[in-house]
Amino acid sequence: MASTSVAESAASGMNFEELVETHQAMVFSLAYHFLHDRAAAEEVAQDVFLQLYFHLEEMGSPVHILFWLRKVTANRSIDEARRRHRRGEVGIEAAGDPASSPDTDQWVNLRLRRLVASLPERQRMAIILRYQEDLEPVEIAALLDISVNTVKSQLQRALILLREKAGVEKRA
Amino acid sequence: MDPFEEQMKKALRRELPRAGFAARVRRRIAVQEERPRRAVWPWFPALRWVLPILVCLVIVVTLWYRQGKVERARGEAAKQQVYVALRLAGAKMQLAQSKVRQF
Chain A
173 MASTSVAESA ASGMNFEELV ETHQAMVFSL AYHFLHDRAA AEEVAQDVFL QLYFHLEEMG
233 SPVHILFWLR KVTANRSIDE ARRRHRRGEV GIEAAGDPAS SPDTDQWVNL RLRRLVASLP
293 ERQRMAIILR YQEDLEPVEI AALLDISVNT VKSQLQRALI LLREKAGVEK RA
Chain B
2 MDPFEEQMKK ALRRELPRAG FAARVRRRIA VQEERPRRAV WPWFPALRWV LPILVCLVIV
62 VTLWYRQGKV ERARGEAAKQ QVYVALRLAG AKMQLAQSKV RQF
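Chains as they are written, first to last, in this note's numbering: chain A, 173 to 344; chain B, 2 to 104.
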C-alpha cells in the first residue's frame, strides 16, 4: 500500500498528483461550504487525500474514486463540524461581516453561504451536494447512506428555510 | 431551476484551495511514510503467546477444581454410607448379644 509512493492508480489511469489536481476543488469546496472556514476545510481536504493515497489500490474506477472522495469528504466534514461544535469553536469566516463587501453579487453569494452554513448538518450537506456538485437526490442518498425520500424532504425543508431566511433578511 | 436555485448554484460553486495544495498533501504523505510504524502494543508478540497459555491454565485449574469438588462429594457420600452400615451392624450386634444373654 505504502509502496505506491509514485502512486499510479490503475483505476483512473492517473498518478496521485493528477488525482489531487483534478479533485482538489471538489473536495476543498465541499468541506469549505460545509464548515465555512478555509483553514478547517484545507485540513479536511488534506486528510481526505492522505486517506485516498493509502487506499488507492482499493479503487476500482474513476467513478469509484469520485464517489469515495465525495463520501469521505462529507463524513469527514460532518465529523469536524461536530468536533468544533463540542469545543465551541467558530469558523473564522463566520465571525466576519459580509455587509462590508462592495460587490452586490459577491455580497449575495456570501450571504447565501452563511445561510447554508446555518442549516442543520444533514440538510446542509444535502444542499451542498445538490447545488455544488449538481447531484440528483438518488446520488445524494447513496453518498449519505439515507433514503431518497429523506434526501428529498431534507432538500425541500432546507430550501424553504433558506428562502424564508433570505426573504426576511431582504425585507430587513 | 428557479432564480433562487440558480443563485444557490453560483454561491456554492467550486473553489480552489490555496496555491500549493498538492505539495502540502505530498509533504503530509512523506511525513506519514517516514514515521516508524510503531506497534500499538510493543509487548504484543509476548502477549500473543502469554494469553492462550493463561486461558489454558484457567481452564485446567477450573476443571481440576471442579473434579476435586465432585471427588470430595463422592467421598462424603461414601463416608455417610459407612457410618450408616456401622450403625446398622452395631444395632444388629446388640440385638444378637441380648438374645444370647436371654438363653
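All C-beta atoms, glycine included, are put in the ideal place defined by N, C-alpha and C.
Note that the structure is a prediction, hence the values are computed from the model and not measured.
Asked: Checking 8 Å against the spacing of the C-beta atoms, do L287/A and L334/A come in under that value?; Found: yes
Asked: Locate the alpha helix (DSSP H) running through L301/A, then write down its first and last residues.; Found: 293-303
Asked: Have a look at V85/B and G91/B and give me their C-alpha separation to the nearest angstrom.; Found: 10 Å
Asked: Under DSSP, the alpha helix (DSSP H) around D383/A begins and ends at which residues?; Found: Because chain A spans 173 through 344 in this model, residue 383/A falls outside it and cannot be assessed.
Asked: Please check if any C-beta of chain D sits within less than 8 Å of the C-beta of V62/B.; Found: Among the protein chains in the structure shown, which are A and B, there is no chain D.
Asked: With a threshold of 8 Å between beta-carbons, can P4/B be considered close to chain A, or not?; Found: no
Asked: Output yes if chain A places a C-beta closer than 8 Å to the C-beta of E35/B; else output no.; Found: no
Asked: Do three or more CB pairs link the region 15-32 of chain B to the region 193-205 of chain A at distances below 8 Å?; Found: yes
Asked: Please say whether Q295/A and R329/A have beta carbons closer to each other than 8 Å?; Found: yes
Asked: Do you know how far the Cα of A74/B is from the Cα of L64/B?; Found: 15 Å
Asked: Tell me which residues share the same chain as R242/A and place their Cβ nearer than 6 Å to its Cβ, disregarding the 5 neighbours each side in the sequence.; Found: L315
Asked: Which complete alpha helix (DSSP H) runs does the region 196-235 of chain A hold, if anything under 4 residues is left out?; Found: 210-227
Asked: According to the Cβ coordinates, are V61/B and F221/A closer than 8 Å?; Found: no
Asked: A23/B: which of D209/A, E215/A, S290/A sits nearest, CA to CA?; Found: E215/A
Asked: Hey, how far is the Cα of L49/B from the Cα of M186/A?; Found: Note on residue identity: the sequence assigns Arg, not Leu, to residue 49/B. Each residue's Cα considered, the two are about 42 Å apart.
Asked: For A266/A, which residues of its own chain have a beta-carbon under 6 Å away from its beta-carbon, when the five flanking residues on both sides are left out?; Found: With a pLDDT of 49 at A266/A, under the threshold of 50, the modelled position of that residue is not reliable, and the figure given next carries that caveat. Once the five neighbours on either side are set aside, the close Cβ partners of A266/A are H208.
Asked: Let me check understanding here. Comparing Cα to Cα, which of K11/B, D3/B, M2/B lies closest to V280/A?; Found: K11/B
Asked: Below 8 Å between beta carbons is the criterion; list the residues of the region 5-28 of chain B that meet it against any residue of chain A, in chain order.; Found: F5, E6, Q8, M9, K10, K11, A12, L13, R14, R15, E16, L17, P18, R19, F22, A23, R25, V26, R27
Asked: Does DSSP put L17/B in a helix, a strand or coil?; Found: coil
Asked: Given this structure, state the Cα-to-Cα distance separating I312/A from E34/B, to the nearest angstrom.; Found: 34 Å
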